[in-house]
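Residue 46 in our numbering sits at position 42 of the sequence shown, with consecutive numbering throughout.
Think of the CB as a built atom: it goes at the ideal place given N, C-alpha and C, for glycine as much as any other residue.
Read through the structure below, which is laid out as structure tokens, and then see the notes.
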Amino acid sequence: MRIKRKVSVAASGIAGALLLASATTSYFVNEIRVGGPIDRASQQIDDLEASILPPPAYIIEPYLEASSILNHTGARAEHERRLAQFETDYDAALRQWRESTLDPALRAGLDESGTPARLFWKELHAGFLPAAAAGDEAALRASFDRLSQSYASHRASIDRLVRLAAAKKQALAAASGHSLTLALTTLAALAVILLAVVAAGFVALMRGALGPLETTSRTVSRMAAGELDAELVGIGRADEIGDLVSSIATFRDAARQQQRAAAEQRSVVAELGAALDLLGQGALTHRVGDTLPSDYRAVGRSYDQSVDQLGVAIGHVSRSAERVKTGAGEIRQASDDLSRRTEQQAASLQQTAAAMQEITVTVQETAGNAARANDVVHDTQLDAEQSGGVVQRAVEAMSGIERASAEIGDIIAVIDGIAFQTNLLALNAGVEAARAGDAGKGFAVVASEVRALAQRSADAAKDVKLKITASSQQVHAGVALVGQAGEALTRITGRIGEISALVSDITAAAEQQASGLQQVATAVAAMDGVTQQNAAMVEEATAAARSLSEEADTMAQAVARFRLAEGDDTPSAGRPAAAPVRQLTARAAATGARIAAGARAQRGNAALAEEWSAF
5 MRIKRKVSVA ASGIAGALLL ASATTSYFVN EIRVGGPIDR ASQQIDDLEA SILPPPAYII
65 EPYLEASSIL NHTGARAEHE RRLAQFETDY DAALRQWRES TLDPALRAGL DESGTPARLF
125 WKELHAGFLP AAAAGDEAAL RASFDRLSQS YASHRASIDR LVRLAAAKKQ ALAAASGHSL
185 TLALTTLAAL AVILLAVVAA GFVALMRGAL GPLETTSRTV SRMAAGELDA ELVGIGRADE
245 IGDLVSSIAT FRDAARQQQR AAAEQRSVVA ELGAALDLLG QGALTHRVGD TLPSDYRAVG
305 RSYDQSVDQL GVAIGHVSRS AERVKTGAGE IRQASDDLSR RTEQQAASLQ QTAAAMQEIT
365 VTVQETAGNA ARANDVVHDT QLDAEQSGGV VQRAVEAMSG IERASAEIGD IIAVIDGIAF
425 QTNLLALNAG VEAARAGDAG KGFAVVASEV RALAQRSADA AKDVKLKITA SSQQVHAGVA
485 LVGQAGEALT RITGRIGEIS ALVSDITAAA EQQASGLQQV ATAVAAMDGV TQQNAAMVEE
545 ATAAARSLSE EADTMAQAVA RFRLAEGDDT PSAGRPAAAP VRQLTARAAA TGARIAAGAR
605 AQRGNAALAE EWSAF
């Protein structure tokens with residue numbers, strides 16, 4: 005959607021929203037106005053309440069209660085209670101309306117109705133209720149007549165007040181209708197004014213912004229299609245559109261410059277393309293010179309310098325090709341001799357490596373056997389140490405048994421003493437039973453049995469003591485024997501430790517020998533590999549020398565197709581190239597030094613390094 009369309013839609017939306025707001029406001033104002041639906045419903049409810057509920061500021065109900073008392077209808081106490089409540093409500097209502105912001109005329113009418121009401125309440129308390137309490141019918145009726153006069157006066161005041169309130173209410177309704185009409189008219193006028201402002205703003209926006217923008221958009225589209233001479237409208241404006249048009253003018257000038265630069269670039273490309281075509285045909289004599297535009301003459305001079313340097317380089321290449329061809333022949337002859345010597349050396353090193361590998365395997369097996377023997381001796385030493393610990397624990401256990409036997413002997417001695425005392429007590433009991441005669445016969449039998457039991461306990465204790473004594477002697481002898489066994493195991497453990505140390509030394513020596521032989525074998529294998537690589541490299545160098553000679557011939561033929569300017573075949577003043585054979589000899593010496601250094605780093609033994617370097 006274009007901006008013009010968007011602005012139109014926005015203006016229409018604003019106008020519609022204003023109309024909707026005005027209609028909605030009118031509807032709700034009409035709903036809540038005085039005399040409207042809501043006010044009428046509220047007034048109906050007020051009228052209904054006024055119709056069914058007696059107002060507290062109207063003494064009609066107190067008058068009815070007084071009539072009931074006069075006619076002796078119902079309980080007098082209940083009527084008096086209601087009268088007191090009605091008086092309280094009347095005073096509260098009168099005080100409320102006097103303190104309110106009621107219209108002064110209505111308040112004056114209310115005060116006017118209060119004068120007969122006060123006379124009514126005064127007569128009620130001073131004459132009517134006392135007469136009713138005394139049962140004086142004549143005084144009661146006379147007081148009721150005075151109450152009726154006060155009520156009639158009060159009612160006349162109330163009727164005037166009601167008519168005055170109705171008139172005030174009608175005046176308020178008329179004023180409310182006038183205010184509502186004025187408010188609705190004002191809202192309608194404001195809505196019309198707002199619509200006019202929106203329309204004027206839309207027209208001003210269309211003329212001052214959207215129209216020029218549309219014109220500028222068409223102009224930019226023409227310029228994008230290539231019409232850079234299209235007229236720009238609004239360059240002198242002092243707003244954003246003027247800034248936009250000025251920026252477009254700047255872009256147009258830049259586009260014109262780009263067109264001119266593109267034309268110059270096409271000319272330069274055509275000139276350089278022709279020169280490069282000649283260069284591709286082998287003509288190094290063509291120069292661009294100053295035929296290019298002024299901004300690109302530096303490129304032309306750079307091209308001419310590059311062609312000059314290329315001619316010099318090709319002249320050097322031509323002369324170098326001849327020297328390469330000569331050197332390649334010398335390299336090929338030297339490589340053939342070096343290949344034969346390298347093959348002989350490789351065969352010798354291969355035999356040496358095989359022998360060293362066999363020796364290394366044998367020494368490694370010996371080292372492995374020594375290590376296993378060391379493990380066996382170590383395990384035996386551990387078993388002997390564990391046996392020594394077991395013997396020590398056995399000695400401690402027998403010592404404990406010996407101490408326990410001594411304690412049991414003490415306990416048996418105590419038991420023997422108890423049996424002896426029991427025997428004496430049983431004997432005394434028998435004597436006392438004999439003194440008692442027939443009455444103590446049963447007790448004598450029990451004493452005899454206890455004495456026999458004590459005797460058997462003493463005999464058993466003696467037997468146990470003898471056996472424990474014999475066991476203690478045997479345990480003591482066992483402790484001595486176990487101690488001797490422990491000392492023997494200690495000596496055996498020491499001997500095994502010495503054997504383990506000797507076997508460990510043997511194992512370490514065997515492992516060191518195996519490691520040394522492994523390093524020697526590794527060095528020999530490395531030398532064998534390097535020699536094999538040298539042989540392969542020599543063969544590759546020979547093949548490369550042949551290929552180099554062929555490539556030199558090909559390069560000479562390729563260079564011959566270029567037509568050089570005069571003076572380009574002059575040799576450059578530089579150092580002479582090194583002879584190919586001397587270069588190969590230097591590389592071979594450097595390779596030998598690297599191999600020797602690698603072997604020394606792998607072995608780490610100074611004596612072996614010197615021997616193998618000499619070898």
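Check: Beta carbon of valine 328, beta carbon of alanine 556: below 8 Å?
Finding: Along the sequence shown, read from residue 1 onward, the residue named residue 328 stands at position 324. Along the sequence shown, read from residue 1 onward, the residue named residue 556 stands at position 552. Cβ distance < 8 Å, so valine 328 and alanine 556 count as in contact.
Check: With distances taken from CA atoms, which of Thr105, Glu244 and Pro60 is nearest glutamate 91?
Finding: Within the sequence shown, the letter at position 87 stands for residue 91. Checked all of Thr105, Glu244 and Pro60; the closest Cα to glutamate 91 is Pro60.
Next item on the list: List the endpoints of the continuous alpha helix (DSSP H) containing leucine 114.
Entry: Here residue 114 refers to the residue found at position 110 when the sequence shown is read from its first residue. Run containing leucine 114: 108-127, per the alpha helix (DSSP H) assignment.
Item checked: Contact set for aspartate 340: own chain, Cβ-Cβ below 8 Å, skip 5 residues either direction -> Mapped onto the sequence shown, residue 340 falls at position 336. Cβ neighbours of aspartate 340 within its own chain (closer than 8 Å, five residues either side excluded): Thr546.
Next item on the list: Would you mind working out which of Ala70, Arg102, Gly139 and Ala229 sits nearest leucine 151, comparing C-alpha positions?
Entry: Numbered from its first residue, the sequence shown carries residue 151 at position 147. Comparing Cα-Cα distances from leucine 151 to each of Ala70, Arg102, Gly139 and Ala229, the minimum goes to Ala70.
Check: How long is the line joining the alpha carbons of alanine 513 and glutamate 369, rounded to whole angstroms?
Finding: In the sequence shown, counting from the first residue as 1, residue 513 sits at position 509. In the sequence shown, counting from the first residue as 1, residue 369 sits at position 365. A straight-line Cα-Cα distance of about 13 Å links alanine 513 and glutamate 369.
Next item on the list: Classify serine 508 as helix, strand or coil using the three-state DSSP reduction.
Entry: Indexing the sequence shown from 1 puts residue 508 at position 504. Reduced to three states, the DSSP call for serine 508 is helix.
Notebook entry, point to check: Which residue comes first and which comes last in the alpha helix (DSSP H) that contains serine 72?
Noted result: Start at 1 with the first residue of the sequence shown, and residue 72 comes out as number 68. According to the DSSP assignment, serine 72 belongs to the alpha helix (DSSP H) that extends over 64-74.
Check: Do valine 381 and serine 504 come within 8 Å of each other at the CB atom, strictly closer than that value?
Finding: As a position in the sequence shown, residue 504 is number 500, starting the count at 1. As a position in the sequence shown, residue 381 is number 377, starting the count at 1. Yes, Cβ-Cβ distance for serine 504 and valine 381 is below 8 Å.
Checklist line | Given glycine 620 as reference, the closest of Glu400, Thr497 and Arg460 once Cα atoms are compared | finding: Because the chain is modelled from 5 through 619, residue 620 falls outside the range shown and cannot be assessed.
Notebook entry, point to check: Can you tell me whether DSSP reads threonine 356 as helix, strand or coil?
Noted result: On the sequence shown, position 352 is the one that residue 356 refers to. Shown here, threonine 356 sits in a helix according to DSSP, grouped into three states.
Notebook entry, point to check: So, leucine 22 versus leucine 188, is the Cβ gap smaller than 8 Å?
Noted result: In the sequence shown, counting from the first residue as 1, residue 22 sits at position 18. In the sequence shown, counting from the first residue as 1, residue 188 sits at position 184. For the 8 Å CB-CB criterion, leucine 22 and leucine 188 do not form a contact.
Next item on the list: Drop a sphere of 10 angstroms on the beta-carbon of asparagine 538, count the other beta-carbons inside from all chains shown, and report buried for 16 or more, exposed for fewer.
Entry: Here residue 538 refers to the residue found at position 534 when the sequence shown is read from its first residue. It is buried - the Cβ of asparagine 538 has at least 16 other Cβ atoms within 10 Å.
Next item on the list: Quick one: residues in its chain with C-beta nearer than 7 Å to the C-beta of proline 575, no 5 flanking neighbours on either side, listed in chain order?
Entry: As a working mapping, residue 575 is identified with position 571 in the sequence shown. At proline 575, the pLDDT of 43 sits below 50, so the modelled position is not reliable and the matter cannot be decided from this model.
Item checked: As assigned by DSSP and simplified to three states, the class of aspartate 95 -> Against the sequence shown, residue 95 aligns to sequence position 91. Aspartate 95 falls in the helix class under three-state DSSP.
Check: Which class does valine 297 belong to by DSSP, given the choice of helix, strand or coil?
Finding: Taking the sequence shown and counting its residues from 1, one reaches residue 297 at position 293. According to the sequence shown, residue 297 is proline rather than valine. DSSP places proline 297 outside both helix and strand once states are collapsed to three, so it counts as coil.
Checklist line | Nearest to isoleucine 496 (by Cα), restricted to the options Ala156, Asp281 and Asp387 | finding: For the purposes of this step, residue 496 is taken as the residue at position 492 of the sequence shown. Comparing C-alpha distances from isoleucine 496 to each of Ala156, Asp281 and Asp387 shows the shortest one belongs to Asp387.
Notebook entry, point to check: valine 528 and methionine 360 look like a contact to me (Cβ under 8 Å); what is the Cβ gap, rounded to whole Å?
Noted result: Numbered from its first residue, the sequence shown carries residue 528 at position 524. Numbered from its first residue, the sequence shown carries residue 360 at position 356. The pair is a contact, with the Cβ atoms about 5 Å apart (cut-off 8 Å).
Next item on the list: Using beta-carbon positions only, say whether serine 352 and valine 542 come within less than 8 Å of one another.
Entry: Here the question's residue 352 lines up with position 348 in the sequence shown. Here the question's residue 542 lines up with position 538 in the sequence shown. By the CB criterion at 8 Å, serine 352 and valine 542 fall outside the cutoff.
Check: What's the C-alpha gap between isoleucine 56 and glutamine 174?
Finding: On the sequence shown, residue 56 is found 52 positions in, with the first residue counted as 1. On the sequence shown, residue 174 is found 170 positions in, with the first residue counted as 1. Confidence in isoleucine 56 is poor, its pLDDT being 36 and thus under 50, which makes the residue's placement too unreliable to answer from.
Note to self: On the DSSP letters alone, give me the boundaries of the alpha helix (DSSP H) that proline 134 sits inside.
What the structure shows: Within the sequence shown, the letter at position 130 stands for residue 134. First-last of the alpha helix (DSSP H) with proline 134: 133-138.
Margin query: Would you call the region 155-172 in contact with the region 119-135, where contact means no fewer than 3 C-beta pairs closer than 8 Å?
Written below: Result yes; three or more Cβ-Cβ pairs closer than 8 Å.
Notebook entry, point to check: For arginine 73, does the count of other Cβ atoms within 10 angstroms reach 16, so buried, or fall short, so exposed?
Noted result: For this step, residue 73 is matched to residue 69 along the sequence shown. Note on identity: in this sequence residue 73 is isoleucine, with arginine being the wrong assignment. Around the beta-carbon of isoleucine 73, 16 or more other beta-carbon atoms lie within 10 Å, marking it buried.
Check: Nearest to tyrosine 62 by CA position, among Gly181, Glu116 and Gln337, is which residue?
Finding: Position 58 of the sequence shown, counted from the first residue, corresponds to residue 62. When only C-alpha atoms are compared, the closest one is Glu116.
Next item on the list: Check each candidate in Thr330, His480 and Ser306 and name the one with the smallest Cα separation from serine 551.
Entry: Locating residue 551 in the sequence shown gives position 547, where the first residue counts as 1. Selected option, being the one with the closest Cα: Thr330.
Notebook entry, point to check: In this structure, does DSSP put alanine 208 in helix, strand or coil?
Noted result: Counted from its first residue, the sequence shown places residue 208 at position 204. In this structure, DSSP gives alanine 208 a helical state, which the three-state scheme calls helix.
Checklist line | Residue from Gly444, Gly17 and Glu218 with nearest C-alpha to valine 202 | finding: Against the sequence shown, residue 202 aligns to sequence position 198. It is Gly17.
Check: Would the C-beta of alanine 539 count as close to the ligand MN, meaning under 7 Å from any of its heavy atoms?
Finding: With respect to the ligand MN, the structure shown offers nothing to examine, as it has no ligands at all.
Item checked: Inter-residue spacing [alpha-carbon to alpha-carbon] between leucine 521 and methionine 531 -> On the sequence shown, residue 521 is found 517 positions in, with the first residue counted as 1. On the sequence shown, residue 531 is found 527 positions in, with the first residue counted as 1. Between leucine 521 and methionine 531, the C-alpha separation is close to 15 Å.
Notebook entry, point to check: Given 8 Å as the limit, is there contact between the region 463-480 and the region 414-432, that is, 3 or more CB pairs closer than that?
Noted result: The answer is yes - the region 414-432 touches the region 463-480, with three or more Cβ pairs under 8 Å.
Check: Three-state secondary structure (DSSP) at glutamate 53?
Finding: Looking up residue 53 in the sequence shown gives position 49. The predicted position of glutamate 53 is uncertain, since its pLDDT is 39 and thus under 50; no value can be drawn from it.
Next item on the list: Count the other CB atoms, across all protein chains shown, that sit within 10 Å of the CB of leucine 485; report buried if there are 16 or more and exposed otherwise.
Entry: The sequence position of residue 485 within the sequence shown is 481, counting from 1. Sixteen is the threshold: since fewer than 16 other Cβ atoms of the shown chains lie within 10 Å of the Cβ of leucine 485, the residue is exposed.
Next item on the list: Name the residue from Thr223, Ala377, Ala200 and Met559 whose alpha carbon lies nearest to the alpha carbon of serine 250.
Entry: Residue numbering aside, residue 250 sits at position 246 when the sequence shown is read from its first letter. Cα-wise, what sits closest to serine 250 is Thr223.
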